[in-house]
Structure formats: structure tokens, C-alpha cells
Amino acid sequence: MIDGHTKLYGLLAHPAAHSLSPLIHNTSFDVTGINGIYLAFDVTSAGLADSLAAMRAMHIGGFNLSMPLKTDVLPLLDEITLRAERLQAVNTVINRDGKLIGDSTDGQGWVDALKQDNIAIDEAVVTVLGAGGAGRAIISAAVDAGAKQVYVFKRTNDLFDARREQLESWSDVVKVLPYEDESLIEKAFSESRIIANATNIGMAGDQSLPVGEGAMAQLTPQHVVSDAIYFSLETPFIRAAKKRHCHTYNGIGMLVNQAAGSFLEWTGQRMPTVPVIQAVHQAMIDRQQNEHAK
4 MIDGHTKLYG LLAHPAAHSL SPLIHNTSFD VTGINGIYLA FDVTSAGLAD
54 SLAAMRAMHI GGFNLSMPLK TDVLPLLDEI TLRAERLQAV NTVINRDGKL
104 IGDSTDGQGW VDALKQDNIA IDEAVVTVLG AGGAGRAIIS AAVDAGAKQV
154 YVFKRTNDLF DARREQLESW SDVVKVLPYE DESLIEKAFS ESRIIANATN
204 IGMAGDQSLP VGEGAMAQLT PQHVVSDAIY FSLETPFIRA AKKRHCHTYN
254 GIGMLVNQAA GSFLEWTGQR MPTVPVIQAV HQAMIDRQQN EHAK
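Start counting the sequence shown at 4; every next residue gets the next number (this note's numbering).
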């Protein structure tokens, strides 16, 4: 029940209405009995500074951000964690007595989602497709989790050299390679145990695969294949990996577990991820049915 002691948390995003974050956190508050509520606020870059001033003034417990606010917020915070500094992005802000501290829980969410199934990154060879925001978060977390090798495939464009320098500076285990070289992807897949698609290929009904058939042919039942995409629930990449009997994971686990990182920092309690994942999964089924009905 909302009362005078209810603590407010929220999401700053544009657009904000489609977000699953309110479902995730409000389900968590209901299950744990924590007296909190989580709302979505439609905020643009132009309104971000005023929004943060309001967060301080009203003693909001904490909030999440989506792009481009994840980077726009950096100069407005009092402090950021080491992993947020490495990524130069923040998805979680903790309001500690008016001091706003930024963190990034995205990549750890990917690690924790696999850990729930007893899949460890430590000493594993990992291939990451894509070096955008999600990809960089996964790469950073894989390094922190002790990966033996992290192959990163990025499109060759004007940003390639700068991004390669950035990512390879994080650790000697990171190797950034051109996405266009299918033979290198095939070799990386054959060497890897864990493969993560962090591109948007296969999202929202797109039937494309992020790699060619030669790379897919390298997959075996020993491979763990994850996709950061959670809509649709089963992307063409996941579907094709299932046919090769891989262990497959869509993006719901990463989504919920990155939120669990925020929840823990705000409340000091662990998120009840099992019922939350069930709630998100059902919401995605409903969304897909609504899309098909149109």
C-alpha cells in the first residue's frame, strides 16, 4: 500500500511508456514486501539536468536511465563507479543523502543470468557480436568475470580503430576483429564456449541471422548461446542455435538481472528474480500476441 513512507524509484527515458522496468521493480517490491514504487518518467536530454535536481530535492531513492541519457548524465553526477567510468555510461543512479552515484549493471546482468544456470565465465573463451552499448557492457563484465579470451566482432567503419583501442586497453584477453571477416567468426565460434549476440539483428520480427551458415555450423551442444534481444522471445539466432542443441538464452535473463543489480544497490535486498522473470516472460508473450493480432 502506498503511504507516507513509500520510497520512490524510477526510470528516466524517452520514450518511457514501453519500458518493462516498472513491471520488474514493482513485482519485486510486491514479492519482497518493500514499501517502494517504481515509475517511468519521459525525460529528454534537454530536461535531464532539471530532472536530476528534482531527484535530489525530493529524495528519490534511485533511478535508471536509457540511451542517450546513460552518457548525458555523466557530468551531472557526483561520483561514478569504476565499471561505469570504464564504459563511460551509467544505467543506475543511487541517491545517497543527496549525493548521486552512477553505476552500470548491464554487463553484470548478463553474467548473473548465466550464473543462475551454473554457467561460469571464469576461464571461458567468449565471442561477442557487436560493440555498441550492450556489447561493451558484456565485454567489460566478461573481463571482470575472468574470461580466458574475449573475441569481439565489430563493423568496420570510422569508429573501428578507436573502439578497438578502447576495448583492447581494458585487458590483454580482448581481441577486436572485423565483423565482415566470416572466416574469423567461424574460427572464434569453434574456439569459444560462450557466444553473445549484442547486435540488434533479429529484433522485433527481423528474420536475419547475425552470422553466416559457416559460423552457425561450428556450434555444438557444448556451446552456450545468448542474445541480448528479448523481443521477440526467440530470435532467429536462438532458434538456429537450438537446432544445433546449444544451451540458449534470450535477453530476459540479462534484462532482469541488470535490474536486480539496481534493486540491490537501492534497497540492500536481492531481487526475487524467478517470479520477476516469469512476469516479464508473460508480458512478452502478451506483447507478441498483440503484435500478431494487428
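Note that CB positions come from ideal geometry on N, CA and C, so glycine has one too. Remember, predicted model here, so these are calculated numbers, not experimental data.
Whole-number beta carbon distance between residue j and residue i, since they are thought to touch under 8 Å
i	j	result
Ala191	Lys157	Contact doesn't hold; Cβ gap of about 13 Å is too wide.
Val93	Lys73	6 Å
Pro278	Thr30	7 Å
Ile142	Leu170	6 Å
Asp125	Gly110	The Cβ separation is near 15 Å, so there is no contact.
Ala231	Gly254	5 Å
Gly264	Thr95	7 Å
Arg166	Val146	About 15 Å; that fails the 8 Å criterion.
Nonlocal neighbours in the same chain, by C-beta distance under 6 Å from residue i, ignoring five residues either side
i	result
His226	Cys249
Phe32	Gly39
Gly256	Ala116
Pro213	Leu132, Asn200, Thr202, Ile204, Phe240
Option in the options with minimal Cα separation from residue i
i	options	result
Val155	Trp173, Val177, Val146	Val177
Glu237	Gly215, Ile280, Ser195, Ile288	Ile288
Asp115	Leu162, Ala262, Leu103	Ala262
Asp75	Leu85, Thr84, Gly50, Ile97	Gly50
Thr251	Arg242, Met257, Val259, Leu258	Arg242
Asp120	Lys10, Ser229, Ile204, Glu268	Ser229
Pro239	Phe163, Asn203, Gly256, Gly7	Asn203
Ile37	Leu267, Gln281, Ile280, Glu294	Leu267
Pro78	Leu55, Gly264, Lys151	Leu55
Trp173	Arg273, Ile280, Val153	Val153
Glu168	Ala145, Asp147, Lys151, Arg139	Arg139
Leu85	Ala144, Lys151, Ser235	Ala144
Asp161	Lys245, Leu80, Asp81, Pro181	Pro181
Ala57	Asp175, Gly101, Glu216	Gly101
Leu15	Asp53, Ser69, Ala52	Ser69
Glu294	Arg59, His17, Ser235	Ser235
Same chain, Cβ closer than 8 Å to residue i, five either side skipped, listed in chain order
i	result
Ile5	Ile40
Thr223	Arg247, His248, Cys249
Gly13	Tyr41, Leu42, Ala43, Phe44, Ile63, Phe66, Asn67
Ala20	Ala43, Asp45
Leu258	Leu23, Ile27, Gly112, Tyr233, Val283
Ile122	Ile197, Val227, His250
Glu183	Arg158, Thr159
Arg273	Ala263, Phe266, Leu267
Asp81	Lys102, Leu103, Ile104
Close Cβ partners of residue i (< 7 Å) along its chain, the five nearest in sequence each way excluded
i	result
Pro71	Ser48
Glu194	Val128
Trp269	Tyr12, Gly64, Gly65, Ile97
Phe163	Lys157
- Query: What are the uninterrupted segments assigned as alpha helix (DSSP H) that are 4 or more residues long and contained completely in the stretch 15-56, given in chain order?
  - Reply: If we require 4 residues or more, the alpha helix (DSSP H) runs fully inside the stretch 15-56 come out as 24-35.
- Message: Three or more C-beta pairs under 8 Å: does that hold for the stretch 81-89 against the stretch 58-67?
- Response: no
- Message: Below 8 Å, how does it come out for the stretch 178-191 and the stretch 205-212: are there three or more Cβ pairs, yes or no?
- Response: no
- Which ranges does the beta strand (DSSP E) cover as unbroken runs of at least 3 residues, wholly within the stretch 263-290, from first to last along the chain? none
- For the stretch 101-108 against the stretch 123-130, are there 3 or more C-beta pairs whose distance is under 8 Å? Contact between the stretch 101-108 and the stretch 123-130 is absent, because fewer than three Cβ pairs lie under 8 Å.
- Note down, one range per segment and in chain order, each beta strand (DSSP E) of at least 3 residues found wholly within the stretch 58-118. 65-68, 95-99, 102-106
- Starting from the N-terminal side, write out each stretch of the beta strand (DSSP E) that is 3 residues or longer and does not extend beyond the stretch 152-190. 152-157, 177-181
- Sequence ranges, beta strand (DSSP E) only - wholly within the stretch 203-271, length at least 3: 227-230, 250-252
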